[in-house]
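Below: the structure, in structure tokens.
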Ligand SMILES: [Ca+2]
Ligand SMILES: [Ca+2]
Ligand SMILES: [Ca+2]
Ligand SMILES: [Ca+2]
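In the working numbering, the protein residues as written are -2 to 721.
And the structure:
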């Protein structure tokens, strides 16, 4: 059988071209169809090229034209491709077109041959065969048309109009829709429609139609706004559209999807402009171009949040207050809270102290033991402020924070007994109420004795010891007796004493004996204290006294001494000497003892030798006085003997002796001792001598001779006295 038939379902069978038939049968099997499509296309193209060359050699029949040659399509919207043929040089009596496409991308809706130049419908038959054979399968349509009257020349004409619809947005590639075209001309054989065995001219060619298919772009995008939302609407996709949903873009970023042509974009900020676009998405998830852009501006927020409720305040320690409250609500959103505070029980002059985005707040740095009131307001992003919450009152805990340690402590002596200590004021969370001053005495001691509690930053330490080092340190204290650390230790030394005592006055002296004078005087005064007095006798210091009296001993009796006194202090400062006072020691009033053992011996007619035992005296015996017959006759200053001469012979004399001292004190006289001089023994010479004396006396005193030549009695007496 010399026939080529293209079977249903794309199966190709034929006996005239066994190789091709077997080849095609293999590749058009469902499991090989995709590959087969390509291979078939290539094989067909190769064969067509061979046929084209053959046809050229045998004479071309016709050219194929597709109108349009490329198409822009909207997915889902039908588009037409006209398949035309025009005669090149021969009569065309039959055509065969194999239309191939990817059924995933396109569907062939209709093959319209009503205006074809080759057939008028399936009712036509030619040589017991239908003039028009159209077979379709997925991705392929084979259209075979024949003229009812072979041999009738047809210069040109439409073969068919193919109505496609794009199922997917496809890029324009050469394989979108492929048509293999075979034309037969100059047929005289009326047996079969297709038979190239009788000198038939064949033009076999292939052409492609490229299709740019895109998804339907949403249109008619419009918006209305509220404070927090933008309501979008757009035109629904057409009835044939493959769009199954939409994607919504805000400011270039997808923010949502919608199965319907509307979308509400909630959660927008008030008074804010947004831009929107919308795209369509088909069932394969492919997306259309985005729509044109629109802008929408939300409305301003003018509604204030609700007032915070159940405000609670709790003191934490002495300086922290914790606040919590129940959240406010707002049409847009509460952006934060403002916390206000005032100080005092029932106070009302609230001032904002902080903000919080949470429903709690910690107020630090509060003052201990202080009552505060708090209230909270809520605000939104537009600055709308709620009414204030109910105030909540709280009192902080007791002060436990000690003041800061006093700094810059200094100590300076201002006198011999005063040191002024000063320092910088300490600080305290509430207030420093005073300071404690600690002191010790010494150069390396630790001050532990509290000596002062000034409220200010100075302390004048008085009553101190001269030239003495003291060390100090300070601590600060608050009303709760929280005591700071003690300051650094400072020291100072009181001034040395340079002031001398006053000059002693009222110096007086009394001689109490021959060797002692007691001095007294009026006490001197001193800035610190009189340590003692120095006593000077005749300009030379003879002693010191811690009191206002002095006994000067070892003196000489009956001697005048000049005294002065000065006062001195512990630092060695000495006053001037007092006015001098002259005092004389007592004299000696004690007489020597009475000489004892007085003994007299007449050694001649005119001499008696006296001896006695020496007297004693409190001072010393100066001498003795000798009395004869009651008359002092001698002063013996050496020894205890006395020779009394010139006495009368054979005469008894009575002697006494007394002792005396340097001050003239005399002892009593001894008992009288009588001694008789030796008797006279006369000789002639004694008489001659008597006469001689007598004569001498008479001669010297002529008047003594009476007229009668008698010598008077006086002369006799003289003579007699010489006799003896
Ligand atoms: Ca609001
Ligand atoms: Ca404190
Ligand atoms: Ca002094
Ligand atoms: Ca005496």
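Here a beta-carbon is modelled for each residue, glycine too, at the ideal position from N, C-alpha and C.
Please tell me whether residue i and residue j are closer than 8 Å, where the distance is taken between their beta carbons.
i, j, result
"residue 655", "residue 622", "yes"
"residue 309", "residue 336", "no"
"residue 418", "residue 456", "yes"
"residue 273", "residue 255", "no"
"residue 474", "residue 435", "no"
"residue 204", "residue 296", "no"
"residue 220", "residue 157", "no"
"residue 180", "residue 89", "yes"
"residue 78", "residue 206", "yes"
"residue 618", "residue 658", "yes"
"residue 82", "residue 176", "no"
"residue 416", "residue 360", "no"
"residue 552", "residue 512", "yes"
"residue 130", "residue 94", "no"
"residue 528", "residue 560", "no"
"residue 605", "residue 549", "no"
Decide if residue i is buried, meaning its Cβ has at least 16 other Cβ atoms within 10 Å, or exposed.
i, result
"residue 213", "buried"
"residue 397", "exposed"
"residue 679", "exposed"
"residue 386", "buried"
"residue 521", "buried"
"residue 661", "exposed"
"residue 699", "exposed"
"residue 541", "exposed"
"residue 105", "buried"
"residue 479", "buried"
"residue 653", "buried"
"residue 506", "buried"
"residue 688", "exposed"
"residue 748", "Missing from the structure shown is residue 748; the chain here goes from -2 to 721 and no further."
"residue 681", "exposed"
"residue 692", "exposed"
"residue 367", "buried"
"residue 257", "exposed"
"residue 377", "buried"
"residue 357", "exposed"
From this set, the options, which residue's C-alpha is nearest residue i's C-alpha?
i, options, result
"residue 341", "299, 333, 359, 390", "390"
"residue 668", "690, 626, 662, 645", "626"
"residue 481", "426, 441, 443, 529", "426"
"residue 323", "334, 329, 314", "334"
"residue 143", "159, 114, 160", "114"
"residue 384", "412, 632, 300", "300"
"residue 413", "372, 374, 464", "464"
"residue 240", "265, 163, 313", "163"
"residue 373", "132, 411, 321", "321"
"residue 614", "561, 559, 590, 428", "590"
"residue 420", "472, 172, 76", "472"
Please report how far the alpha carbon of residue i lies from the alpha carbon of residue j, in whole angstroms.
i, j, result
"residue 63", "residue 217", "35 Å"
"residue 245", "residue 302", "31 Å"
"residue 437", "residue 467", "6 Å"
"residue 223", "residue 237", "35 Å"
"residue 568", "residue 439", "19 Å"
"residue 610", "residue 644", "24 Å"
"residue 92", "residue 208", "24 Å"
"residue 315", "residue 346", "22 Å"
"residue 628", "residue 501", "57 Å"
"residue 252", "residue 262", "8 Å"
"residue 694", "residue 642", "24 Å"
"residue 289", "residue 250", "14 Å"
"residue 348", "residue 265", "33 Å"
"residue 268", "residue 402", "57 Å"
"residue 423", "residue 407", "15 Å"
On the DSSP bridge assignment, give the partners of residue i in chain order.
i, result
"residue 679", "Residue 679 is not bridged to any residue."
"residue 80", "63, 157"
"residue 489", "467"
"residue 482", "None; residue 482 has no bridge partner."
"residue 502", "519"
"residue 287", "Paired residue(s): none; residue 287 is not in a bridge."
"residue 375", "334"
"residue 104", "162"
"residue 203", "177"
So that I know if they touch, is there some Cβ in chain D lying closer than 8 Å to that of residue i?
i, result
"residue 178", "The structure shown contains no chain D, having only a single protein chain."
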